[in-house]
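Q: In this note's numbering, the protein residues as written are 9 to 277.
#1: The beta strand (DSSP E) spanning residue 218 covers which residue range?
#2: Using the C-alpha atoms, what's the distance from residue 164 back to residue 57?
#3: Residues in the same chain with beta-carbon distance under 7 Å from residue 197, minus the five sequence neighbours each way, listed in chain order, please.
#4: Since I believe residue 34 is in contact with residue 248 (beta carbons under 8 Å), could you give me their beta-carbon distance rounded to a whole number of angstroms?
#5: Answer yes or no: do residue 221 and residue 93 have a C-beta to C-beta separation smaller than 8 Å?
#6: Determine the contact status of residue 126 and residue 52, defining contact as a CB-CB distance below 8 Å.
#7: At a cut of 8 Å, does the region 149-161 reach the region 191-205 through at least three beta carbon pairs?
#8: Quick check on the burial criterion: 16 or more other C-beta atoms within 10 angstroms. Buried or exposed for residue 171?
#9: Taking Cβ to Cβ, would you say residue 245 is nearer than 8 Å to residue 43?
#10: Quick one: give me the first and last residue of the beta strand (DSSP E) that residue 241 is part of.
#11: Looking only at C-alpha atoms, which of 75, 70, 123 sits nearest to residue 213?
#12: Taking all protein chains shown into account, decide if residue 88 is buried (16 or more other Cβ within 10 angstroms of its Cβ) or exposed.
#13: Round the Cβ separation of residue 144 and residue 167 to the nearest angstrom and send it over; I've been treating them as touching at under 8 Å.
#14: Of all the alpha helix (DSSP H) runs that stay within the bounds of the region 57-105, which reach a length of 4 or more residues?
#15: For residue 134, which residues from the same chain have a beta carbon less than 7 Å from its beta carbon, with the 5 sequence-adjacent residues on both sides left out?
#16: Return the residue from the list 191, 62, 169 that minimises the CA-CA distance to residue 147.
#17: Tell me whether residue 55 sits in a helix, a strand or coil according to DSSP, three-state version.
#18: At a cut-off of 7 Å, would you count residue 188 as near the ligand SAH, judging by its Cβ distance to the nearest heavy atom?
#19: If you measure from the beta carbon of residue 130 to each beta carbon in chain B, is any gap under 8 Å?
#20: Drop a sphere of 10 angstroms on the beta-carbon of residue 229, count the other beta-carbons inside from all chains shown, and report buried for 16 or more, exposed for fewer.
#21: Would you mind working out which of 132, 108, 141, 100 sits nearest residue 121, comparing C-alpha positions?
#22: What would DSSP say about residue 136, mapped onto helix, strand or coil?
#23: Is the distance from the Cβ of residue 64 to the Cβ of residue 217 below 8 Å?
#24: Report buried or exposed for residue 179, applying the criterion of at least 16 other Cβ atoms within 10 angstroms of its Cβ.
#25: Using beta-carbon positions only, say whether residue 235 and residue 199 come within less than 8 Å of one another.
#26: Residues in the same chain with beta-carbon distance under 8 Å from residue 98, minus the five sequence neighbours each way, listed in chain order, please.
#27: Are the beta-carbon atoms belonging to residue 61 and residue 136 less than 8 Å from one another?
#28: In this structure, does DSSP put residue 230 in helix, strand or coil?
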């Protein structure tokens, strides 16, 4: 059982997060019930984290909330296979084959299978979140400024310096070797996945979106959450992630106050 510690940023992009007392799972779910988008950040190969994700999903479903699950494990071009799987038109093996799961994601199927099996059992919409590997290859060759794609919005929110500094700090002793390509790839990932979340926000206005994604894409509200606000305007978002065997979360209505300029009823730009 993980301890839950609460983090609240007093201002968007504050350098420090303030730690409150340990929280029960029930307290975490109170925050989840207030959120429109719930990011369940993960370390991809940790079974206990995936068990926590499934527990949150089951609890939301039990309480009667309509849910949409977005999974980084699947790339967006293969959405049809997920739809047919949930609709019981194909089995799990065929779904994995058609999504090219073993080539494009590779992590042990049994880490994620309980989530998509529960979605199929309950008829919960599954959305492929990740951008195609081929697009990342183009970005690696030409830089993000040289690539146009339907998986990117018209306007791309650039890295904030604080986010860039955080990524460099995370690289530790390797940061001197970091090249522009590293940041372009990270920006492509965060941009493409946030665009998919933003479109789901508009397509499923009554649902809670549960986003199953690596912690690095949501850490401190950077990456995907700030870009969702940039694309569709303010909405309550909850971010959780695991560190040192404890699950932390932060809650905010706006992770990108300085740059958010659109209305949530408009198509993401």
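Just so you know, even glycine gets a beta-carbon here, dropped at the ideal spot from N, CA and C.
A: Judging by the given coordinates:
#1: 216-222
#2: 31 Å
#3: 139, 225
#4: No, residue 248 and residue 34 are not in contact; Cβ-Cβ is about 14 Å, not under 8 Å.
#5: no
#6: no
#7: yes
#8: buried
#9: yes
#10: No beta strand (DSSP E) contains residue 241, which DSSP labels as neither H nor E.
#11: 75
#12: exposed
#13: Not quite, the Cβ-Cβ distance comes to about 17 Å (not below 8 Å), so this is no contact.
#14: 87-94
#15: 77, 79, 90, 94, 124, 127
#16: 191
#17: helix
#18: The ligand SAH is not among the ligands present in this structure, which contains no ligands whatsoever.
#19: Of the protein chains in this structure there is only one, and it is not chain B.
#20: buried
#21: 100
#22: strand
#23: no
#24: exposed
#25: yes
#26: 89, 92, 106
#27: no
#28: coil
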